[in-house]
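Okay, so here's the structure we're looking at.
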Amino acid sequence: MIKMADVTINLVYDELKKLRREVHEIRSAIIPEEEIGAEERKELHSVVEEMKSGKESEWKPPARK
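Quick look at the structure:
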């Protein structure tokens, strides 16, 4: 049985993925890639790869009692 909270969390996660992609696209258009630090570039690329693959992030909702 799917709980309403689980559905809500999934909807929020999907919206977060969309927003991350939009932020990445806007940031890439504004700031040349050579001005982005190595650590930040690595994080951005991992977010993009996660979105392309559709893989869920490592975060999982806490178990319910």
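Per the numbering used here: the sequence shown = residues 322 to 386. Every residue gets a Cβ at the ideal spot worked out from N, C-alpha and C, and that includes glycine. Values in this document were obtained by computation on a predicted structure and should not be read as measured data.
Under the three-state reduction of DSSP output, I352 falls in the coil class, being neither helix nor strand. Secondary structure at I330: helix, using DSSP grouped into helix, strand and coil. Taking C-alpha positions only, V368 is separated from R341 by approximately 8 Å. By the criterion of a C-beta distance shorter than 6 Å, S349 is surrounded by no residue of its chain, once the five residues flanking it on both sides are discounted. For the 9 Å CB-CB criterion, H345 and L332 do not form a contact. Under the three-state reduction of DSSP, K338 is assigned to helix.
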